[in-house]
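Everything below concerns the one structure shown next.
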Amino acid sequence: MYLGIVKGTVVAERKAAGLEGTKILLVQPVDEHKRPVGDVQAAIDRVQAGVGDLVYLVGSREAALACDPWFVPVDAAIVGIVDGVGL
Amino acid sequence: MVAPMWAAAKHPAFAGRSLFVVQPLDENGKDAGTSFVAVDHVQAGIGDKVIVLTEGNGVRQILQMGDVVPIRSIIVGIVDQVSLS
Numbered sequence: 001m002y003l004g005i006v007k008g009t010v011v012a013e014r015k016a017a018g019l020e021g022t023k024i025l026l027v028q029p030v031d032e033h034k035r036p037v038g039d040v041q042a043a044i045d046r047v048q049a050g051v052g053d054l055v056y057l058v059g060s061r062e063a064a065l066a067c068d069p070w071f072v073p074v075d076a077a078i079v080g081i082v083d084g085v086g087l
Numbered sequence: 088m089v090a091p092m093w094a095a096a097k098h099p100a101f102a103g104r105s106l107f108v109v110q111p112l113d114e115n116g117k118d119a120g121t122s123f124v125a126v127d128h129v130q131a132g133i134g135d136k137v138i139v140l141t142e143g144n145g146v147r148q149i150l151q152m153g154d155v156v157p158i159r160s161i162i163v164g165i166v167d168q169v170s171l172s
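In the order they appear, the protein sequences are chains A and B. Numbering-wise (my numbering), the first sequence opens with residue 1 and increments by one. Numbering-wise (my numbering), the second sequence opens with residue 88 and increments by one.
The structure is reproduced here in structure tokens:
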């Protein structure tokens with residue numbers, strides 16, 4: 001799992017089966033100091049996150065397991081909104 | 088090396104679980120790679136040096152919450168000492 005900041009939204013009316021009604025957000029992965037790490041990616045939102053939120057995501061197969069139904073073509077999912085990191 | 092993290096809104100699989108930001112280290116204790124988020128399974132504390140499992144099937148074996156658990160990283164040990172020969 002990793003941290004990210006929500007940068008924007010993606011609208012896609014036509015999606016693969018199982019993804020109907022899902023919300024897709026653009027996320028910049030970051031480190032614990034909110035410094036960007038890597039490229040912006042599209043992720044399925046499972047926690048009603050909004051633009052500007054610091055979130056944590058899960059990738060790979062577990063991203064699909066965060067979805068309902070879970071057998072879906074998803075490789076990044078937002079699974080929590082971060083309130084704080086104790087540094 | 089770990090730092091605690093708080094998140095009120097989270098996927099139900101994370102309910103009641105402590106979360107940490109983990110900084111990978113090399114064998115000399117220096118930072119190695121990018122930090123990531125892990126669930127705690129051993130009551131780790133701030134600054135502890137830990138062992139982290141980062142593989143979903145292993146996580147599901149440990150947590151025994153069924154086959155649909157969207158957790159990929161879990162802290163499974165606290166390191167007391169590392170010896171290099």
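Beta carbons are placed, not taken as given, at the ideal position from N, Cα and C, and that holds for glycine.
Note that the C-beta distance between Val-10(A) and Ile-24(A) is below 8 Å. For Arg-104(B), not one C-beta of chain A is nearer than 8 Å to its own C-beta. Residue range 23–30 is occupied by the beta strand (DSSP E) that includes Leu-25(A). Taking all protein chains in view, the Cβ of Arg-159(B) is crowded by 16 or more other Cβ atoms within 10 Å, so the residue is classified as buried. Using a Cβ-Cβ distance cut-off of 8 Å, the stretch 44–61 of chain A and the stretch 2–17 of chain A are in contact, since at least three pairs of beta carbons, one from each stretch, lie closer than that value. Secondary structure at Ile-149(B): helix, using DSSP grouped into helix, strand and coil.
Taken in chain order, the complete alpha helix (DSSP H) segments of 4 residues or longer contained in the stretch 5–75 of chain A are 61–65. Between the alpha carbons of Lys-117(B) and Phe-71(A) lies a distance of about 39 Å. Taking 8 Å as the cut-off, the beta carbon of Val-137(B) is found closer than this to the beta carbon of Val-89(B). In the three-state DSSP reduction, Pro-91(B) falls in the strand class (E or B). A straight line joining the alpha-carbon of His-98(B) with that of Leu-150(B) spans about 15 Å. For Ile-162(B), the enclosing beta strand (DSSP E) starts and ends at 161–165.
In the DSSP assignment, the residues bridged to Phe-123(B) are Val-109(B).
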